[in-house]
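Protein chains in written order, with the working numbering: chain A, 95 to 365; chain B, 95 to 365; chain C, 95 to 365.
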């Protein structure tokens, strides 16, 4: 028999003991649970980045309980939720859209409960660390076999907060107005342009692309297959491991070179 | 039957392989042990911070062996110890006070051994990495069921090094002279003022507080329940998840704003 | 029966979800596998540093499958390999020398397969994340009991890329021309001079040593046994936990003080 799995994503970082304490809480409640840390490096309060990471990673994770905490409004009036999605996975976290992209990708929410007043909470509940006092305990009890409806009050799935990612805009010229969605530790910039968008654009692998930024000189980049296809220091465009178009500097840092961060716009024009 | 638990706190950081090698050592000696990394982000050599983190986290951790290594005097004459505390937990680490706050909170030390010359050490013992060569092996053998007295030479618990945290000072005006004990990754500053101290102060939730620092303009702060009760950028005072008074900047970094770090003093005056 | 062990070293860092996704992939394929993160803090693309860390740590790790990914040429023509070494361990990673020092230390490679086109890959294979799509799946299947020859095409072990570390040069005066091999998180600098080299040098514990750097004033250091033998701020020389000569500043950062980084040369002269 397999150990139940709890995966865990947050913006807690690895400097403090926030993550370790949540592991402890889960292990006390559900000793056989295996905890997989997906990442704790989501930029502070960046709900959208957390949602994108969770949705992208989910297909690679064992089925289980998926705990996610990026929670700028902890202790305020946002709901705390546990949901079951169509493929059987259960997701636990704040109701601020963090779980929504993963839930959509997994077939949508089939049942939801509000766990803000869950009987499973650790008392006294702090006002600032619901990861420890609400989310981890609920995730652990679900991993241990508890039914979703025992974890909180029923909630209409249609009332949950949902994120939508911005769509790229395609010009007749083949140019694409895009937005930076994320930046990885190497400075590579993931855009809101996917493999499926490419035919609608004039961007083709092997071609040169002009990268335009507001208030700065346009730069030339090459659309390649992988980092090693670029010269050291060359600006490149490639499809990343989640099939999103991304901008990189071969052996360098594109975020720094271009002065772009998540949320910024840029245009990609076939040269 | 439950897997034995080893929790692990250190100042080793996550850039090097120090932590991973200790995991390997534990897994070789006690294969079924489950290792929970509490944190490895204690600031280098900050024994007091490590002691506070361990004591605060312990109630949330499964009972087991609690390994802690913040060891500025590794290889010098400080003792290496393993202790059993009143509630049955065992703690392993250097005898520099790191374990003392946790031991006190868990009812005090009931038995102690000096493990510097333990037969369980890995030979040759390095002069600089006792985490790998002494502490991890002892923790693993204890997790595997070995009795404390087999791990080293008996030691009088009264001889162990003990830390005491500074007490806040209360003025008749209701003002409090406090000290910063820790700073988390978000820049929030934890003080040596606990929930139990508040009645002796003039500080009340919902009220404004003047924060005084040596050689700098006093600043106004509001005593709130949670981050979300503050305006973005507002200086706030709140009870943190360990029921200590803490200073934060809503969506910002209080350590940076106030220019304060652990060990610094400040005064909190009801306005 | 023991759980199979997969150890994991990379330059992925802990900010992104690269490591967590690989854990998920392994856990899906081989649910009982225990994954030990050796480190993910190898400097980006630093194959030699990764090779040194893996070789040094291996004796402290349980026998199992040892996954390592530092892969500047991902998606290009470098081979992807799985090898078995003389002591029974299996290593998985890119064929760029990363595995070579560990393989040598473990008695040499006895069998090797090219896994670039392995039937075990996750499809579609990305051009940039072979950790997820090739290396982790192969490691997981090996941990689950699959034979090496089922993981890829047979490869002549003599054709594998192999690293050699630079040797120190000894002058008749007893001076040593050395090179910095690594720098740990505390700024300590590990050199290419081992315990076995010392008799050929004029360097003796307890003595003063002159540290020469190109284009900078020489500095005096003391050869001590451990950090605590140095005064706060003193430049010291010591044997590190892997029995390599290392340079440190007591309670400080030697890399910063000396302006030296991995790959830089320095001379050590008995004073």
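Beta carbons are placed, not taken as given, at the ideal position from N, Cα and C, and that holds for glycine.
Since this is a predicted model, take the numbers as computed values, not measurements.
Locate the beta strand (DSSP E) running through residue 249 (chain C), then write down its first and last residues.
247–249 is the extent of the beta strand (DSSP E) around residue 249 (chain C).
With H, G and I counted as helix, E and B as strand and the rest as coil, what does DSSP make of residue 330 (chain A)?
Of the three classes helix, strand and coil, the one that applies to residue 330 (chain A) here is strand, per DSSP.
Cβ contact (3+ pairs, closer than 8 Å) linking the segment 335–350 of chain B and the segment 274–283 of chain B:
Using a C-beta cut-off of 8 Å, the segment 335–350 of chain B makes contact with the segment 274–283 of chain B, since at least three inter-stretch Cβ pairs fall below that distance.
Starting from residue 115 (chain B) and walking both ways along the beta strand (DSSP E), at which residues does that stretch end?
Run containing residue 115 (chain B): none in the beta strand (DSSP E); it sits in the alpha helix (DSSP H), 112–123.
Our contact map puts residue 156 (chain B) next to residue 99 (chain B) with C-beta atoms below 8 Å; I'd like the distance itself, whole angstroms only.
Rounded, the Cβ-Cβ distance is 5 Å, consistent with contact.
Measuring alpha carbon to alpha carbon, tell me which residue in A:253, A:216, A:235, A:254 is nearest residue 245 (chain A).
Taking only the C-alpha atoms, the option nearest residue 245 (chain A) is A:235.
Would you call residue 298 (chain C) buried or exposed, if buried means 16 or more other Cβ atoms sit within 10 Å of its Cβ?
So residue 298 (chain C) counts as exposed.
Are residue 230 (chain C) and residue 119 (chain C) closer than 7 Å when you measure CB to CB?
It is a contact, given that the beta carbons lie within the stated cut-off.
Which residues, in chain order, does the segment 298–324 of chain B contribute to contact with chain C at a C-beta distance below 7 Å?
For the segment 298–324 of chain B, no residue has a beta-carbon sitting nearer than 7 Å to a beta-carbon of chain C.
Give me the chain A residues within the contact set of residue 271 (chain C), using Cβ-Cβ distance strictly less than 9 Å, ordered along the chain.
None at all; the shortest Cβ gap to chain A is about 29 Å.
Per DSSP, what are the beta-bridge partners of residue 284 (chain B) in this structure?
The partner list for residue 284 (chain B) (beta bridge, DSSP) reads B:276, B:340.
Considering only the alpha carbon of each residue, which of A:228, A:241, A:221, A:143 lies closest to residue 212 (chain A)?
For residue 212 (chain A), the nearest C-alpha among the options comes from A:228.
Taking only the alpha-carbon atoms, compute the straight-line gap between residue 334 (chain B) and residue 318 (chain B) and give it to the nearest angstrom.
About 11 Å.
Whole beta strand (DSSP E) elements within the segment 293–329 of chain B, 3-residue minimum:
Within the segment 293–329 of chain B, complete beta strand (DSSP E) segments of at least 3 residues are found at 302–306, 313–317, given in chain order.
I'd like to know whether the C-beta of residue 288 (chain B) is nearer than 7 Å to at least one C-beta of chain A.
No, because no Cβ of chain A sits closer than 7 Å to the Cβ of residue 288 (chain B).
Secondary structure of residue 153 (chain A), DSSP reduced to three states:
Correct three-state label for residue 153 (chain A): helix.
Just the chain B side, please: which residues come within less than 7 Å of residue 109 (chain A) by C-beta, in chain order?
In chain order: 135, 279.
Are the segment 248–261 of chain A and the segment 200–212 of chain A touching by the rule of at least three beta carbon pairs closer than 8 Å?
When C-beta atoms of the segment 248–261 of chain A are compared with those of the segment 200–212 of chain A, three or more pairs fall below 8 Å, so the two segments count as touching.
Distance cutoff 7 Å, beta carbons only. Does residue 154 (chain B) sit that close to anything in chain A?
So, interface residue.
Give the residues of chain C in contact with residue 223 (chain B), contact being defined as C-beta atoms less than 7 Å apart.
Near residue 223 (chain B) (Cβ distances below 7 Å), the residues of chain C are 335.
With the cut-off set at 7 Å, would you say residue 163 (chain A) and residue 179 (chain A) are in Cβ contact?
For residue 163 (chain A) and residue 179 (chain A), no; Cβs fall outside 7 Å.
Assuming residue 136 (chain B) and residue 117 (chain A) form a contact by the criterion Cβ under 8 Å, report the distance between their Cβ atoms to the nearest whole angstrom.
Taking C-beta atoms under 8 Å as the contact rule, residue 136 (chain B) and residue 117 (chain A) fail to qualify, at a distance of about 17 Å.
Identify, in the order they occur along the chain, each residue of the same chain with its Cβ nearer than 7 Å to the Cβ of residue 276 (chain C), setting aside the five sequence neighbours on each side.
Close CB contacts of residue 276 (chain C) within its chain, under the 7 Å cut and outside five residues either way in sequence, are with 143, 146, 284, 356 (chain order).
Below 7 Å between beta carbons: does that hold for residue 190 (chain B) and residue 215 (chain B)?
No, the Cβ-Cβ distance between residue 190 (chain B) and residue 215 (chain B) is not below 7 Å.
Three-state secondary structure assigned by DSSP to residue 289 (chain B)
Collapsing the DSSP output to three states places residue 289 (chain B) in a helix.
Along chain B, which residues have their Cβ under 8 Å away from the Cβ of residue 106 (chain C)?
Ordered by position in chain B, no residue passes the 8 Å Cβ test against residue 106 (chain C), which lies about 12 Å from the chain.
With DSSP as the reference, label residue 164 (chain B) as helix, strand or coil.
It is coil, neither helix nor strand.
Please report the straight-line C-alpha distance between residue 197 (chain C) and residue 302 (chain C), rounded to a whole angstrom.
Computed Cα separation, rounded: 37 Å.
So, residue 361 (chain C) versus residue 269 (chain C), is the Cβ gap smaller than 7 Å?
Yes.
Nearest by alpha-carbon distance to residue 376 (chain C): which of C:306, C:345, C:311, C:160 is it?
Residue 376 (chain C) cannot be examined here, being either before or after the span of chain C that is shown, 95 to 365.
If contacts are defined as beta-carbon pairs under 8 Å, then residue 354 (chain A) and residue 287 (chain A) qualify, I think. What distance do you get, rounded to the angstrom?
The distance from the Cβ of residue 354 (chain A) to that of residue 287 (chain A) is about 14 Å, inconsistent with a contact at the 8 Å cut-off.
Who are the Cβ neighbours of residue 347 (chain A) in its own chain at under 8 Å, not counting the five residues just before and after it?
When the five nearest sequence neighbours on each side are left out, the beta carbons in the same chain lying within less than 8 Å of the beta carbon of residue 347 (chain A) are those of 280, 281, in order along the chain.
Tell me the DSSP secondary structure of residue 363 (chain B) in three-state form.
In the structure shown, residue 363 (chain B) sits in a strand (DSSP, three-state: E or B).
Nearest residue (CA-CA) to residue 148 (chain C), options C:352, C:226, C:257
The residue among C:352, C:226, C:257 with its C-alpha nearest the C-alpha of residue 148 (chain C) is C:257.
Quick check: what's the CA-CA separation for residue 271 (chain A) versus residue 254 (chain A)?
Cα to Cα, the separation comes out at about 30 Å.
Using DSSP with H/G/I as helix, E/B as strand and the rest coil, what is residue 146 (chain B)?
Residue 146 (chain B) falls in the helix class under three-state DSSP.
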